[in-house]
DNA sequence: ATCGAAAACGTAGACGTTTTCGTTTCCGAT
DNA sequence: ATCGGAAACGAAAACGTCTACGTTTTCGAT
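Residue numbers (the numbering used here), protein chains in the order written: chain A, 1 to 385; chain B, 386 to 770.
Structure follows, in structure tokens:
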């Protein structure tokens with residue numbers, strides 16, 4: 001067995017094994033008191049970046065300026081107890097040396113990262129990406145970064161994402177629950193922590209967390225009211241899962257309008273969908289077969305409304321003459337449809353903006369007021385109703 | 386003048402002023418050798434979170450287990466040189482004590498954050514949010530976080546975002562250039578750094594950075610070819626700014642098809658838009674007035690195609706009989722239109738996924754191969770052409 | 001000139017990890 | 001029993017910043 005040689009003295013006599021490093025045997029030459037690993041691969045590892053890549057640190061500046069790190073820190077943070085000339089000189093040096101503070105180190109000491117976490121069910125749905133856009137915009141102008149996580153409407157992923165985000169790294173959390181989330185223990189666990197949370201759009205009812213909501217109740221009421229005024233009597237409504245605040249509120253608004261107009265409520269005219277294409281089509285088929293006199297449909301989103309209209313056109317059912325169709329959300333697609341979609345504009349972007357604003361406000365102020373804010377929307381009347 | 390009292394001995398005799406802290410006067414009692422600040426506000430600052438909020442650290446575990454921090458580290462990282470029992474015990478302790486590693490500290494030492502930066506022109510355009518979705522999905526499964534920045538199609542914001550992201554905190558950068566970006570110095574500056582960059586969808590030509598592209602050339606060629614086969618001769622095309630690779634490639638494909646079919650190229654049939662609604666409408670009006678025999682339009686996106694179709698319908702121009710319209714991107718809206726939109730599916734989501742994959746691969750491998758990958762798309766034939 | 005306040009600066013942690021370089025303990029073979 | 005190698009563990013430095021606590025210097029008032 002070939003003995004190991006010391007790279008210094010080139011002898012094998014005094015070699016001792018000295019522990020493992022990353023599963024590689026480490027040796028020690030007692031003579032030279034030198035530790036080494038016989039790692040052939042190590043030689044190949046040529047760094048692909050220059051030495052010059054090393055970031056300038058405060059220490060470099062301190063040395064260049066002939067002061068201590070503390071003084072550099074004071075200068076760069078515009079503290080008062082520093083000589084103006086020293087301060088200026090250091091700041092100039094920082095610029096010429098192209099100093100960039102290490103955000104990680106700053107975050108580690110300051111215990112704040114200037115980063116918001118956003119958990120959102122999906123990015124491919126217009127309303128969510130629009131809300132995200134609003135969130136990101138407000139955050140960016142306030143100097144906050146945004147980390148996004150998508151739950152893909154899966155409860156487990158929502159839970160995992162919350163864990164991962166709350167774990168560290170974020171100053172605040174914005175969350176829009178997945179459609180399959182009906183228990184909220186995973187959120188409650190984090191509620192009394194330092195990190196503020198804001199729920200938006202889809203919120204957990206009865207949880208002591210600030211909320212930013214769409215005008216679901218008033219919106220649904222306005223829509224229903226409008227349909228009735230136009231002459232509709234049998235109005236079907238597409239809703240989400242029963243646990244969602246969105247579902248409950250829109251239902252309330254719908255019922256309010258019916259009551260006001262003295263129309264009997266029929267729960268068979270409601271359908272709870274999971275936002276999948278099939279569930280929408282199934283509900284539609286179901287209504288059409290059970291209610292020949294159906295004369296209006298309030299959809300849960302503009303996308304579903306578009307699907308419904310397309311399907312009705314296929315079946316040669318006239319929209320709006322035979323059946324009026326109304327959407328919810330005012331997405332881009334509405335204006336491109338034929339007939340153009342009448343819809344309730346929930347001001348999706350504003351919801352994102354407001355959520356972001358509220359969260360940042362709570363981060364900065366340190367207050368944890370349980371605020372519920374409803375972003376007002378408005379009915380957009382076009383051709384489909 | 387009321388003299389300052391020492392909070393310890395309650396006397397005023399030995400008080401010395403001792404520097405400033407955050408612009409507040411600090412005092413020192415020479416007798417008690419105690420430093421203090423007369424800060425009335427401090428008392429009100431009741432922390433809104435419990436003491437228990439303090440995160441468990443490795444030190445806590447080490448103490449509980451009666452070992453050193455090093456051993457805890459070894460256990461949690463599954464290193465080999467540790468007794469299996471000790472390791473198990475420590476890992477159990479970590480679980481029961483609900484230990485969560487501090488990612489900031491880890492990142493600081495490891496010089497890696499497991500975070501990707503994404504710069505994207507907008508979030509409210511379907512194709513971008515779809516690409517982002519793909520990016521985020523792949524990143525998440527690979528254990529990477531995603532920070533998003535939107536440039537809102539502004540060059541300055543793109544530059545600022547790159548600076549902010551590259552500065553620190555990210556292991557890799559994904560960038561889709563803003564439409565108003567025609568110089569790329571801001572990117573070149575960062576190219577020889579440690580941090581890998583991948584451009585996607587809209588890329589800078591001639592920059593030594595890996596790229597993931599849509600099948601613009603072949604796609605445009607296929608579309609044009611199809612239109613010609615269907616009988617079109619005067620085919621107009623909506624393009625983006627001339628600097629974009631997207632524009633150049635689609636133009637190439639368009640010309641290829643014309644050449645192949647021996648149709649004369651007329652540059653007046655091209656329009657370069659900035660994606661704004663007006664620019665689309667202006668181009669359309671311009672074509673209609675100058676080319677009465679116009680029989681096909683290749684749009685730059687499905688959205689624009691939708692707008693064009695709607696506009697043409699308003700003008701009572703039949704689509705596809707008089708003018709065929711083809712989109713690009715295969716967004717959701719296409720299927721909802723009347724007539725349903727024929728479009729080239731660029732596989733937007735795949736582009737995002739591939740970009741993310743390539744970037745992560747480069748991060749992990751450490752290689753910086755300048756790869757250009759074109760994601761194949763396919764022509765979706767529906768009713769508008 | 002002297003003294004004290006104020007200004008200006010420095011030292012030495014701390015933040016929570018990982019890693020390097022050690023040492024100590026254990027154990028089987030002689 | 002002893003010795004060498006392996007296994008198991010620890011001390012300390014490092015990552016780059018901030019800050020509590022000191023010290024030194026300056027300077028105006030006496």
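Here a beta-carbon is modelled for each residue, glycine too, at the ideal position from N, C-alpha and C.
Note that the structure is predicted; figures quoted are calculated from it, not measured.
- Burial state of residue 650(B) is exposed, judged by a 10 Å Cβ sphere holding fewer than 16 other Cβ atoms.
- Contact check for residue 443(B) against residue 457(B) passes: the beta carbons are separated by less than 7 Å.
- The count of Cβ pairs closer than 8 Å, one atom from the segment 722 to 734 of chain B and one from the segment 556 to 574 of chain B, stays below three, leaving the stretches out of contact.
- Against chain B, the beta carbon of residue 347(A) has no neighbour under 7 Å; the closest one sits roughly 14 Å away.
- Taking the beta carbon of residue 140(A) as reference, the chain B residues within 8 Å of it are 534, 535, listed in sequence order.
- DSSP places residue 770(B) outside both helix and strand once states are collapsed to three, so it counts as coil.
- Boundaries of the beta strand (DSSP E) harbouring residue 236(A): 235 to 239, taken from the DSSP string.
- Within the model, the alpha-carbon separation for residue 305(A) versus residue 219(A) is close to 16 Å.
- Residue 365(A) is classed as exposed because its beta carbon has fewer than 16 other beta carbons within 10 Å across all chains shown.
- Per DSSP, residue 150(A) is one residue of the beta strand (DSSP E) stretching across 145 to 150.
- Taking a C-beta distance under 7 Å as the contact criterion, residue 142(A) and residue 360(A) qualify as a contact pair.
- Using a Cβ-Cβ cut-off of 8 Å, residue 351(A) is close to nothing in chain B; its nearest Cβ partner there is about 14 Å away.
- Bridge pairing for residue 730(B): 763(B) [DSSP].
- Cα atoms of residue 82(A) and residue 55(A): separation of roughly 25 Å, rounded to the nearest angstrom.
- Residue range 324 to 328 is occupied by the beta strand (DSSP E) that includes residue 328(A).
- Taking every protein chain shown into account, the CB of residue 718(B) has 16 or more other CB atoms within 10 angstroms, so this residue is buried.
- Against chain B, the CB of residue 130(A) has a partner CB under 7 Å away; the residue lies at that interface.
- Distance between residue 293(A) and residue 235(A), taken at the CA atoms: about 10 Å.
- With its beta carbon at least 7 Å from every one in chain B, residue 83(A) lies outside the interface.
- One Cα belongs to residue 659(B), the other to residue 595(B), and the distance between them is close to 25 Å.
- Exposure of residue 465(B) is indicated by the presence of fewer than 16 other C-beta atoms within 10 angstroms of its C-beta.
- The shortest C-alpha to C-alpha distance from residue 682(B) to any of 609(B), 508(B), 646(B) is the one to 609(B).
- Closest by C-alpha distance to residue 767(B), out of 712(B), 516(B), 739(B), is 712(B).
- Around the beta carbon of residue 285(A), a 10 Å sphere encloses fewer than 16 other beta carbons of the protein chains shown; the residue is thus reported as exposed.
- At a cut-off of 7 Å between beta-carbon atoms, residue 490(B) makes contact with chain A.
- Taking 7 Å as the threshold, the shortest C-beta distance from residue 663(B) to chain A does not fall below it.
- In the structure shown, residue 751(B) falls within a coil segment according to DSSP collapsed to helix, strand and coil.
- Proximity of chain B to residue 133(A) at the Cβ level (cut-off 8 Å) is accounted for by 507, 508, 509, 535, in chain order.
- Pairing residue 338(A) with residue 514(B), the inter-Cα distance amounts to about 25 Å.
- Scanning 153(A), 196(A), 136(A) for the CA closest to the CA of residue 165(A) turns up 196(A).
- The beta carbons of residue 675(B) and residue 612(B) sit no closer together than 7 Å.
- Within the same chain, Cβ atoms closer than 6 Å to the Cβ of residue 511(B) are found at 716, the five residues on either side in sequence being excluded.
- Our two residues, residue 263(A) and residue 255(A), have alpha carbons roughly 9 Å apart in a direct line.
- About 13 Å separates the beta carbons of residue 250(A) and residue 258(A), which is beyond the 8 Å limit, so they are not a contact pair.
- If you check the CB distance, residue 532(B) and residue 175(A) do not come in under 7 Å.
- In the structure shown, the three-state DSSP call for residue 273(A) is coil.
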